[in-house]
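Number of protein chains: 2
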Amino acid sequence: MATGRTHRPATRSRGIPEATVARLPLYLRALTALSERSVPTVSSEELAAAAGVNSAKLRKDFSYLGSYGTRGVGYDVEYLVYQISRELGLTQDWPVVIVGIGNLGAALANYGGFASRGFRVAALIDADPAMAGKPVAGIPVQHTDDLEKIIKDNGVSIGVIATPAGAAQQVCDRLVAAGVTSILNFAPTVLSVPDGVDVRKVDLSIELQILAFHEQRKAGEEAEAVLEAEAAAAAAKETGKGPDGDVPAVMPA
Amino acid sequence: MATGRTHRPATRSRGIPEATVARLPLYLRALTALSERSVPTVSSEELAAAAGVNSAKLRKDFSYLGSYGTRGVGYDVEYLVYQISRELGLTQDWPVVIVGIGNLGAALANYGGFASRGFRVAALIDADPAMAGKPVAGIPVQHTDDLEKIIKDNGVSIGVIATPAGAAQQVCDRLVAAGVTSILNFAPTVLSVPDGVDVRKVDLSIELQILAFHEQRKAGEEAEAVLEAEAAAAAAKETGKGPDGDVPAVMPA
DNA sequence: TAATGTGAAGTTTTTCACAGCG
DNA sequence: CGCTGTGAAAAACTTCACATTA
Numbered sequence: 001m002a003t004g005r006t007h008r009p010a011t012r013s014r015g016i017p018e019a020t021v022a023r024l025p026l027y028l029r030a031l032t033a034l035s036e037r038s039v040p041t042v043s044s045e046e047l048a049a050a051a052g053v054n055s056a057k058l059r060k061d062f063s064y065l066g067s068y069g070t071r072g073v074g075y076d077v078e079y080l081v082y083q084i085s086r087e088l089g090l091t092q093d094w095p096v097v098i099v100g101i102g103n104l105g106a107a108l109a110n111y112g113g114f115a116s117r118g119f120r121v122a123a124l125i126d127a128d129p130a131m132a133g134k135p136v137a138g139i140p141v142q143h144t145d146d147l148e149k150i151i152k153d154n155g156v157s158i159g160v161i162a163t164p165a166g167a168a169q170q171v172c173d174r175l176v177a178a179g180v181t182s183i184l185n186f187a188p189t190v191l192s193v194p195d196g197v198d199v200r201k202v203d204l205s206i207e208l209q210i211l212a213f214h215e216q217r218k219a220g221e222e223a224e225a226v227l228e229a230e231a232a233a234a235a236a237k238e239t240g241k242g243p244d245g246d247v248p249a250v251m252p253a
Numbered sequence: 001m002a003t004g005r006t007h008r009p010a011t012r013s014r015g016i017p018e019a020t021v022a023r024l025p026l027y028l029r030a031l032t033a034l035s036e037r038s039v040p041t042v043s044s045e046e047l048a049a050a051a052g053v054n055s056a057k058l059r060k061d062f063s064y065l066g067s068y069g070t071r072g073v074g075y076d077v078e079y080l081v082y083q084i085s086r087e088l089g090l091t092q093d094w095p096v097v098i099v100g101i102g103n104l105g106a107a108l109a110n111y112g113g114f115a116s117r118g119f120r121v122a123a124l125i126d127a128d129p130a131m132a133g134k135p136v137a138g139i140p141v142q143h144t145d146d147l148e149k150i151i152k153d154n155g156v157s158i159g160v161i162a163t164p165a166g167a168a169q170q171v172c173d174r175l176v177a178a179g180v181t182s183i184l185n186f187a188p189t190v191l192s193v194p195d196g197v198d199v200r201k202v203d204l205s206i207e208l209q210i211l212a213f214h215e216q217r218k219a220g221e222e223a224e225a226v227l228e229a230e231a232a233a234a235a236a237k238e239t240g241k242g243p244d245g246d247v248p249a250v251m252p253a
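If you read the sequences in order, they're chains A and B.
Per the UniProt record's numbering, numbering through the first sequence is continuous, rising by one, with the last residue being 253.
Per the UniProt record's numbering, numbering through the second sequence is continuous, rising by one, with the last residue being 253.
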């Protein structure tokens, strides 16, 4: 889902598959919950259930990080929390700026999940002069004019764009020019960035559209199921044989 | 990224790959923009660029929908908009409810991208009695007590959960019991749902963590690059041969 | 003995490359 | 000729199943 063509193409690095990286935060969340309940160890089966994946996948994922488990026992919760945090780079502090303090930007500024994971909202930036100085989530909003200075003064390398679509590319360009190399984009636009800059996007409307697709298909299947049931009933009448576990098998030509 | 174990396992339906479905909204957005600029046709190359994918992938994706292009010319914008909309089920009206009208819920209620895509915010629901009756985005907030009735009266099949993590599963259960079969979850929890219910999740903190992983790796690579450059320089001094296109090849043991 | 770690098999997704068609 | 549509190859990802080991 990340856009920017990224990282060295083939050279071996520690090569953790992207799909695995995307699941590490999930495992981390589940592990953190266990840690808070002072659970000392957990099996792949249990942890997988808590994270909503299957256990083979989880074990394979962990195998890319190293051998952190104990056969016959499971994984040490605290140790795993540390290892995954380190792998994700969460043992360091990441100052982020949020640009565009509308409804969504404000929601993000107030979102607790950031602070708890090593992310610190270093600044809020908006183009509306009327917003300047107003505190949101306890942080005063600053004006876009100072964007470059803010980035540099705070050593920000991660930027969050929550502006309207029309402003997103321009904001993105300025962020990148000022030194930001990772961008989380909430604006419904494709951002173009130079090589070496990562973009991830979150598009609320896209998620709903994907749900709608499946929803529609469910409706279609229901209708189909009725037809199949009717066909099966008819067949049963015909042959005197009731329906059983087998699929009705409507073979297409 | 969808969680719920979904749909018939193997039976052939119209079998559009999930990865393709996830990109259709992207294409649709790009096409809509072209349509607004009254562009009549577009090539796979152009459209792919606008959507941020490569053209082979786009053509393959479209091939699952049918043959909607014209060789030597490209795709008719309006026609494709219609076909994709239909495929995604956006030609019908989808009433959605948003549960949890905090910062994020309010942002979602105000988000313009919904209405423009066939999604209609049918109701806003919150557990705080003080919120009841207050209008958000012009829609009065209703109390959780009436959730079931609201779902049924409005024929809602898609629910958005924007509550705190602690309340999410309970809200989810009630939504499902009331007949909702697709859920977009913003709460940082794994929801468990019965078969036949789709869940997609959006986790802001997870996206940032993935960015942090790559950001960290960039920092590592920079250091590595410096070392490699130094090594190359040293080698050049040694042999009198300048560095060329080949990889420095630091073979591990 | 219970549960990890992992080759190997299976599946899905992406990319290639070009035949075919307007 | 230019661009689509698509088999076939390649790559990425998931699942299986079991040898291995604390």
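Glycine included, every Cβ here is placed at the ideal spot set by N, Cα and C.
Extent of the continuous alpha helix (DSSP H) to which residue i belongs
i, result
"residue 173 of chain B", "165-178"
"residue 267 of chain B", "Here chain B covers residues 1 to 253 and nothing more, so residue 267 of chain B does not appear."
Span of the beta strand (DSSP E) around residue i
i, result
"residue 161 of chain B", "158-161"
"residue 139 of chain B", "139-143"
"residue 134 of chain B", "Segment: none, residue 134 of chain B is in no beta strand (DSSP E) and carries neither H nor E."
"residue 119 of chain B", "119-126"
"residue 184 of chain A", "182-185"
"residue 199 of chain B", "198-201"
Residue i and residue j closer than 8 angstroms at C-beta
i, j, result
"residue 160 of chain B", "residue 199 of chain B", "no"
"residue 65 of chain A", "residue 87 of chain A", "yes"
"residue 82 of chain A", "residue 75 of chain A", "no"
"residue 202 of chain A", "residue 184 of chain A", "yes"
"residue 330 of chain A", "residue 216 of chain A", "Since the displayed chain A opens at 1 and closes at 253, residue 330 of chain A lies outside it and no answer follows."
"residue 158 of chain B", "residue 94 of chain B", "yes"
"residue 109 of chain A", "residue 139 of chain A", "yes"
"residue 208 of chain A", "residue 186 of chain B", "no"
"residue 213 of chain B", "residue 21 of chain A", "yes"
"residue 142 of chain A", "residue 123 of chain A", "yes"
"residue 29 of chain B", "residue 53 of chain B", "no"
"residue 120 of chain A", "residue 147 of chain A", "no"
"residue 38 of chain A", "residue 45 of chain A", "no"
Assumed close pair residue i, residue j - CB separation to whole angstroms, cut-off 8 angstroms
i, j, result
"residue 136 of chain B", "residue 101 of chain B", "6 angstroms"
"residue 127 of chain B", "residue 103 of chain A", "20 angstroms between Cβ atoms; not a contact."
"residue 51 of chain B", "residue 26 of chain B", "5 angstroms"
"residue 90 of chain A", "residue 59 of chain A", "Their Cβ separation, rounded to whole angstroms, is 22 angstroms, which puts residue 90 of chain A and residue 59 of chain A out of contact at 8 angstroms."
"residue 182 of chain A", "residue 204 of chain B", "Contact doesn't hold; Cβ gap of about 14 angstroms is too wide."
"residue 176 of chain B", "residue 197 of chain B", "6 angstroms"
"residue 165 of chain A", "residue 188 of chain A", "5 angstroms"
"residue 73 of chain B", "residue 32 of chain B", "Not a contact, Cβ separation roughly 20 angstroms."
Taking the runs of the alpha helix (DSSP H) that are 4 residues or longer, which of them lie wholly in the region 34-113 of chain B?
As summarised for the region 34-113 of chain B, the continuous alpha helix (DSSP H) elements at least 4 residues long and confined to that stretch are 44-51, 55-65, 77-88 and 103-110, given in chain order.
- Below 8 angstroms between beta carbons is the criterion; list the residues of the region 78-97 of chain B that meet it against any residue of chain A, in chain order. The residues in question are 87, 88, 89, 90, 92, 94 and 96.
Using Cβ-Cβ distances below 8 angstroms, what residues of the region 195-206 of chain B are close to chain A? Residues 196, 198, 200, 202, 203, 204, 205 and 206.
Pull out every residue of the UniProt DNA-binding region "H-T-H motif" (26-65) of chain A whose Cβ sits closer than 8 angstroms to any Cβ of chain B, in chain order. 26, 28, 29, 30, 50, 51 and 52
Practice problem: Note down, in chain order, all residues in the region 103-117 of chain B with a beta-carbon under 7 angstroms from any beta-carbon belonging to chain A. | Solution: 103, 104, 106, 107, 108, 110, 111, 113, 114 and 117
Original post:
Between the region 205-221 of chain A and chain B, which residues of the former have a C-beta closer than 9 angstroms to a C-beta of the latter?
Top reply: 205, 206, 207, 208, 209, 210, 211, 212, 213, 214, 215, 216, 217, 218, 219, 220 and 221
| task | May I ask you to list, following chain order, the residues of the region 147-161 of chain A that have a beta carbon less than 7 angstroms from some beta carbon of chain B? | result | Cβ contacts with chain B: 157 and 158.
Relative to chain A, which residues along the region 163-182 of chain B have a C-beta separation below 8 angstroms, given in chain order?
-> From the region 163-182 of chain B, only 181 and 182 have a Cβ closer than 8 angstroms to chain A.
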